[in-house]
């Protein structure tokens with residue numbers, strides 16, 4: 001069984017979950033607009049809901065298990081995830097950025113998600129690849145939209161903490177990502193491969209709440225226990 005990013009009626013996704021969320025509406029508050037009334041949720045500076053989805057956001061997948069490959073004047077993004085709900089979320093997020101994705105089950109009961117080769121992803125490949133080696137570019141920033149994609153692909157709740165699993169085998173790259181987490185207000189603790197990583201542990205209730213502020217509302221496909229909350 002394989003999938004092509006078509007609507008669920010034409011191409012069912014791997015498990016029974018709600019259909020992918022529709023694109024999120026633009027959430028910027030106009031300059032000079034009044035503050036939200038008491039009790040209403042405030043938008044967070046650099047949060048996932050404060051800007052329009054962009055192809056550059058897909059760098060959040062490369063922080064985790066995502067890989068980008070070039071072929072001629074095109075590039076493709078691929079990753080393997082461990083749960084069907086992640087497929088739903090990622091296919092929807094990619095579609096919001098004009099990138100079609102397909103999926104297929106793997107022999108170890110996970111799911112491979114990948115895009116077609118497209119010129120749309122060439123800038124992402126150019127920023128992250130040196131030859132065939134994948135590495136975060138210098139000064140790499142993490143905002144809410146990139147964190148949302150990283151979390152959707154590889155975030156794991158470990159109450160009261162939250163784990164953001166890393167991809168690759170590049171300790172120097174992991175250090176760059178750790179600096180980006182600090183800049184985003186998420187000082188994570190690096191877990192080495194031999195200790196159950198590689199991953200960054202976002203520690204405690206305060207850290208998890210900050211993560212929740214940045215990544216935005218839980219997608220309907222994600223189980224409640226799989227997404228950080230502001231409570």
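Residue numbers (the UniProt record's numbering): 1 to 231.
Heads up, the beta-carbon is just placed ideally off N, CA and C, and yes, glycines get one too.
All of these numbers come straight from a predicted model, not from anything done at the bench.
My understanding is that residue i touches residue j, with C-beta atoms under 8 angstroms, so please give their C-beta distance in whole angstroms.
i: residue 136; j: residue 178; result: About 10 angstroms separates the two Cβ atoms, so there is no contact after all.
i: residue 62; j: residue 55; result: At roughly 12 angstroms, the Cβ-Cβ gap does not stay under 8 angstroms, so residue 62 and residue 55 are not in contact.
i: residue 64; j: residue 167; result: 5 angstroms
i: residue 110; j: residue 82; result: 5 angstroms
i: residue 103; j: residue 112; result: 6 angstroms
i: residue 211; j: residue 228; result: 5 angstroms
Between the options, which has its C-alpha nearest residue i's C-alpha?
i: residue 100; options: 106, 89 and 110; result: 89
i: residue 261; options: 151, 102, 83 and 183; result: Nothing can be reported for residue 261: it is not among the residues displayed for the chain, which extend from 1 to 231.
i: residue 176; options: 166, 140 and 98; result: 140
i: residue 209; options: 196, 184 and 195; result: 184
i: residue 214; options: 105, 144 and 195; result: 144
i: residue 118; options: 224, 219 and 98; result: 98
i: residue 91; options: 212, 206 and 221; result: 221
i: residue 126; options: 148, 70 and 106; result: 70
What are the boundary residues of the beta strand (DSSP E) that residue i is part of?
i: residue 205; result: Looking at the DSSP string, residue 205 is not in any beta strand (DSSP E); the run it does join, the alpha helix (DSSP H), is 204-215.
i: residue 74; result: 74-81
i: residue 145; result: Note, residue 145: premise wrong, no beta strand (DSSP E); alpha helix (DSSP H) at 144-154.
i: residue 163; result: 161-165
Locate the alpha helix (DSSP H) running through residue i, then write down its first and last residues.
i: residue 88; result: 84-96
i: residue 112; result: Element bounds for residue 112: not the alpha helix (DSSP H) but the beta strand (DSSP E), 111-115.
i: residue 104; result: Taken as a continuous stretch (DSSP letters only), residue 104 belongs to no alpha helix (DSSP H), being part of the beta strand (DSSP E) at 101-105.
For residue i, which residues from the same chain have a beta carbon less than 7 angstroms from its beta carbon, with the 5 sequence-adjacent residues on both sides left out?
i: residue 201; result: 161, 163, 188, 189 and 191
Who are the Cβ neighbours of residue i in its own chain at under 6 angstroms, not counting the five residues just before and after it?
i: residue 51; result: none
i: residue 59; result: 146
i: residue 74; result: 117, 118 and 119
Per the DSSP calculation, residue i is bridged to which residue(s)?
i: residue 68; result: 77
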